[in-house]
Amino acid sequence: MYAVISRDKIQLPAGTVVRMPGTWQDYCTLRQSRGDRSLPRLKFRLGEILLMSPLPKHGREANILADIVKALLDSETRDYEAFTPITMEIPEEGGIEPDYCFYIDNWQAAVGQDRLNWQVDPPPDLVIEIDVTTYTAAEDYAPYRVPEVWLLKNNGLKIYGFSGESYQQQSASRYFPNVDLFGLIEQVLQVASIRGTGAALRELRQQFMRSRP
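Residue numbers (my numbering): 1135 to 1347.
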């Protein structure tokens, strides 16, 4: 199957990434032509449009990482809001669709919201991205000033914190400073690859319950 990209049709084989020059209006036209479908994923950087059709591995790992975050937050009885899919846009500047995003410190700002104005409302506190096809970079979130980006590539986690005007790689998460996320995520992914996602997450929750005082 070949990639088909036109004003009224977008079809990409799974795992395909297409990069092409384009304007904000070109991006809006492609997004509208996609209609209610969530695929292919679309991204706009200044002067460039990227399209990506995820592999099953992409969605599976995004959901696993999101469930790990939920389990961590629930184990500490912390409130949060979570979104997927979601489109973040700043006209003429950027458009991006994170795999998963969380409002943690600013959860109250997102409660009950059907739409968010990315030029006015606070950004998500945490964004999760799975990079299977070199489609993602933490710097893509700089226009939105997202405080923390998790990037999982080849089963290895990288944590980026926003500082000043750019992202710097971090050794720990600002939201879970006392948790070895690198080891924890590696462990859950390994169990999931052998026994399945459900078993891996049940084991994780049981681990958290045993560690409670």
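In this text, a Cβ means the ideal position worked out from N, Cα and C, and glycines have one as well.
- Each residue's CA atom was taken as its position, placing residue 1251 and residue 1283 some 20 Å apart.
- When DSSP reads this structure, residue 1290 sits in a beta bridge with 1287.
- Cα atoms of residue 1168 and residue 1214: separation of roughly 30 Å, rounded to the nearest angstrom.
- Taken through DSSP and simplified to helix, strand or coil, residue 1302 comes out as strand.
- Burial is judged here by how many other beta carbons sit within 10 angstroms of a residue's own beta carbon; residue 1229 has at least 16 and is buried.
- In this chain, the alpha helix (DSSP H) harbouring residue 1342 covers 1331–1345.
- Taking 8 Å as the upper bound for CB-CB distance, residue 1182 and residue 1155 are in contact here, some 6 Å apart.
- Its Cα nearest to that of residue 1330, the residue 1194 stands out among 1232, 1189, 1194, 1165.
- Look at residue 1245 here: in three-state DSSP terms it is coil, with no helix or strand label.
- The Cβ atoms of residue 1342 and residue 1205 lie closer than 8 Å to each other.
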